[in-house]
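Under the numbering used here, the letters of the sequence shown match residues 4 to 174, in that order.
C-beta atoms are modelled at their ideal positions from N, C-alpha and C, and glycine is treated no differently.
Below is one structure, written out as structure tokens; comments come after it.
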Amino acid sequence: MTVQTAETKTHYAGNGLTTEWPIPFPVVQEEHIKLIKTSPDGEDEEITTGYTVNGMESGAVSITYPTTGEPLEAGWFLTIYRDMPLTQTLDLESGGAFDAEVIERQGFDHVVMQIQQLQEQASRALQLAITDSDRTPDEVLGEMFELRDAAQQALASAQQASQATQDAIVQ
């Protein structure tokens, strides 16, 4: 196998009909497939039961979810992602058989998928410029929270002033 896509996750929107969800990226083991259901309010819930994995043997992998009950309604979302352990299980013996297919599938392909998984996670993380030597990520987060708090205070003050203006106009 070759790893021909950099995808490690996919998102689907519920429509009240669909229960079969294709996985457009390679998966080595069924246990590496994870699901998260997101409500219309943005609440995430990890799905650990109530789904089946199809096509692992053929390579055309998909998820049936839910296996019972109503399909995901409009406004709900399903995220399917690959979560491989960051371990190396290929054990080559000195002087043993050297099977190129085993090296590719259990060695190189696993490492590439693990790197992709880490890259996907890193792409969602707060990152400083490589030239930024004066601040830490924690300091930047602190600054962001301070700015958020100041913006919330300004909004509350503006709302109070608006209400006071409206009250004055009514009188």
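First through last residue of the alpha helix (DSSP H) which encompasses residue i
i	result
T168	140-173
Burial state of residue i, where buried means 16 or more other Cβ atoms lie within 10 Å
i	result
I17	According to the sequence displayed, residue 17 carries Gly and not Ile. Result: buried.
P29	buried
I172	exposed
L95	exposed
R127	exposed
Q7	exposed
Q155	exposed
R138	exposed
Span of the beta strand (DSSP E), counted from its first residue to its last, around residue i
i	result
P6	Looking at the sequence provided, one finds Val at residue 6 rather than Pro. Here V6 belongs to no beta strand (DSSP E), and DSSP marks it neither H nor E.
S65	65-67
Y15	12-16
V30	Careful: V30 lies outside any beta strand (DSSP E) and carries neither H nor E.
T55	55-57
T41	36-41
Contacts around residue i, its chain only, beta-carbon distance under 6 Å, and the 5 residues preceding and following it disregarded
i	result
E49	I39
Q117	M87, L89
Short CB-CB distance (under 7 Å) between residue i and chain C
i	result
T11	Structure shown: chain C not included; a single protein chain is present.
Neighbourhood of residue i by C-beta distance below 7 Å, restricted to the same chain and skipping five residues each side
i	result
T67	T22, E23, Y54, T55, N57
E10	P27, F28
P140	L129, L131
T70	G53, Y54, T55
E76	G17, G19
Spatially closest choice to residue i from the options, by CA coordinates
i	options	result
L89	S65, F101, V115	V115
L93	A100, M87, V105	V105
H14	V6, T82, A103, I133	T82
P43	W79, M59, Y84	W79
L20	E73, D47, S97	E73
S65	G110, G45, Q32, S97	Q32
A63	P25, D135, A103	P25
K12	A100, E123, S97, D47	E123
In chain order, each beta strand (DSSP E) run of at least 3 residues that lies wholly inside the stretch 77-118 = Here the runs fully enclosed are 80-85.
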